[in-house]
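Heads up: the protein sequence lines correspond to chains A and B, in order.
Numbering-wise, the first sequence is residues 1 to 188 according to UniProt numbering.
Numbering-wise, the second sequence is residues 1 to 188 according to UniProt numbering.
Step one of this worksheet: look at the structure below.
2 protein chains.
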Amino acid sequence: MNEQQRARRPGGRSARVAAQVHQAVTDLIGERGYGNFAVGDVAARAGVADSSIYRRWGGLETLLTEVVLTRLNAQSPMPDTGSLDGDLRTYAAQVAREITGPDGPAVLHLAVALSSSGQQGRQAGADLRAERTRQLQSMLDRARERGEPAPDALDVLDHVLAPMYIRVLFGMVPLTPDYIDGLVDRLL
Amino acid sequence: MNEQQRARRPGGRSARVAAQVHQAVTDLIGERGYGNFAVGDVAARAGVADSSIYRRWGGLETLLTEVVLTRLNAQSPMPDTGSLDGDLRTYAAQVAREITGPDGPAVLHLAVALSSSGQQGRQAGADLRAERTRQLQSMLDRARERGEPAPDALDVLDHVLAPMYIRVLFGMVPLTPDYIDGLVDRLL
Chain A
1 MNEQQRARRP GGRSARVAAQ VHQAVTDLIG ERGYGNFAVG DVAARAGVAD
51 SSIYRRWGGL ETLLTEVVLT RLNAQSPMPD TGSLDGDLRT YAAQVAREIT
101 GPDGPAVLHL AVALSSSGQQ GRQAGADLRA ERTRQLQSML DRARERGEPA
151 PDALDVLDHV LAPMYIRVLF GMVPLTPDYI DGLVDRLL
Chain B
1 MNEQQRARRP GGRSARVAAQ VHQAVTDLIG ERGYGNFAVG DVAARAGVAD
51 SSIYRRWGGL ETLLTEVVLT RLNAQSPMPD TGSLDGDLRT YAAQVAREIT
101 GPDGPAVLHL AVALSSSGQQ GRQAGADLRA ERTRQLQSML DRARERGEPA
151 PDALDVLDHV LAPMYIRVLF GMVPLTPDYI DGLVDRLL
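Following this line, the structure appears as structure tokens:
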């Protein structure tokens, strides 16, 4: 690709820069923990100028918010196996894989940190949870339409997601398949 | 108290400085979030010299660790009401009051942040959880000795503490008495 072609595809370069910057943020959270780095660290790690980050994201908080939203919304689609039991087991195993994966704890810490940061972070956290709850609710609604008794979305949060989140946040890993299935069994 | 008397009671002054510094840390976590302040900010807020903090704690991480350990160990003693049902309800209500109190979310965020910080933080987090688990275990052991069936300590973590922790970390408050009792009912 020559310079002229590159100039015609600003979207391609822009998307690549965004991906590098997002990965730099995720790496820095994993290595140093949330809050222990600045825009300059992200820029250096991503190989871009500080000014590119300020121009595009305004500052660190907006960037962090975007990273969390992008990572969590990129999660696999909600399962549709034909039974609530199958859906919940698949969903719980999927979440467990995500939060114990290479970037999982970092993203989970960031999601928690967002809710304790400023107004914008809190709003981003609330939006993120609303979107996840909506997806979970459609899974539970499908079960009810098939005539299966289904718990509330908040019960799934309290008794399947919360235990897994807290165990990962506290470093009590791995989450074994038996443990995850046990959470679903107890809920159903 | 004159200067001579003060000089004779270094423990009194030392304890007062420690209390001021601890409170400054808790305030800063509440206002700015974990990681968004340095030793100098703590010193300024507590009205002491930076060097006093470095001399006594070495650095920010040790200080943060000590604050979390002190706050969480200062929690009310484990209840002993004569029945597991009563003990668990009292304990859950106590934890809910602590984590939704003025400094509760800050301390909870710090406990989570510790586990993602360096080796020393992870060890402090693990020690803290071991101590809390030991206390909880004695409550459950007392119930078994009375002939009551009792859940495992990890079930209490997963189904009573984790849902409350996650709701506070995500800003889904207040935790109502009905909600808290519902968690205990479901566990028993």
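Beta carbons are placed, not taken as given, at the ideal position from N, Cα and C, and that holds for glycine.
Here the structure is a predicted model, which is why all the values come from computation and not from measurement.
Opening and closing residue of the alpha helix (DSSP H) in which residue i lies
i	result
A106/A	104 to 115
L161/A	Looking at the DSSP string, L161/A is not in any alpha helix (DSSP H), and its letter there is neither H nor E.
L188/A	Element bounds for L188/A: n/a, residue is neither H nor E.
A43/A	39 to 46
E98/B	84 to 100
D50/B	50 to 57
Secondary structure of residue i, DSSP reduced to three states
i	result
D181/B	helix
A153/A	helix
E31/A	helix
G171/B	coil
E148/B	coil
D141/A	helix
E3/A	Confidence at E3/A is low in this model, with a pLDDT of 46, below 50, so its placement is unreliable and no value can be given for it.
D127/B	helix
T176/A	coil
T81/B	coil
R8/A	Because R8/A sits at a pLDDT of 44, beneath the cut-off of 50, its placement in the model cannot be relied upon, and the following sentence gives the value as read from the coordinates. R8/A: helix per DSSP, three-state reduction.
A18/B	helix
Per-residue burial, residue i [other beta carbons within 10 Å of its own, 16 or more giving buried]
i	result
P105/A	buried
A96/B	buried
D152/B	exposed
E98/B	buried
G12/A	exposed
G47/B	exposed
D158/A	buried
N2/B	The predicted model places N2/B with a pLDDT of 46, which falls under 50 and marks its position as unreliable; any figure quoted below should be read in that light. Per the 10 Å Cβ criterion, exposed.
G82/A	exposed
G58/B	exposed
G147/B	exposed
A124/A	buried
R8/B	No answer about R8/B holds up, because its pLDDT of 44 lies below 50 and its placement is not dependable.
A19/B	exposed
CB of residue i within 8 Å of CB of residue j, strictly
i	j	result
A92/B	I180/B	yes
V68/A	L136/A	no
I53/A	A43/A	yes
F170/A	R129/B	yes
T176/A	D103/A	no
R71/B	V112/B	no
V156/A	L110/A	no
R45/B	A24/B	yes
M139/A	M78/A	yes
T100/B	P149/B	no
is_contact[residue i, chain D] using C-beta, thresh 8 Å
i	result
D103/A	The structure shown contains no chain D; its protein chains are A and B.
>> Check whether the segment 157 to 170 of chain B and the segment 156 to 166 of chain A touch, using three or more Cβ-Cβ pairs below 8 Å as the test.
In response: yes
> Are at least three pairs of beta-carbons, each pair with one atom in the segment 77 to 88 of chain B and one in the segment 143 to 160 of chain B, less than 8 Å apart?
Replying inline: yes
> Does the count of Cβ pairs from the segment 61 to 68 of chain B and the segment 22 to 42 of chain B closer than 8 Å reach three?
Replying inline: yes
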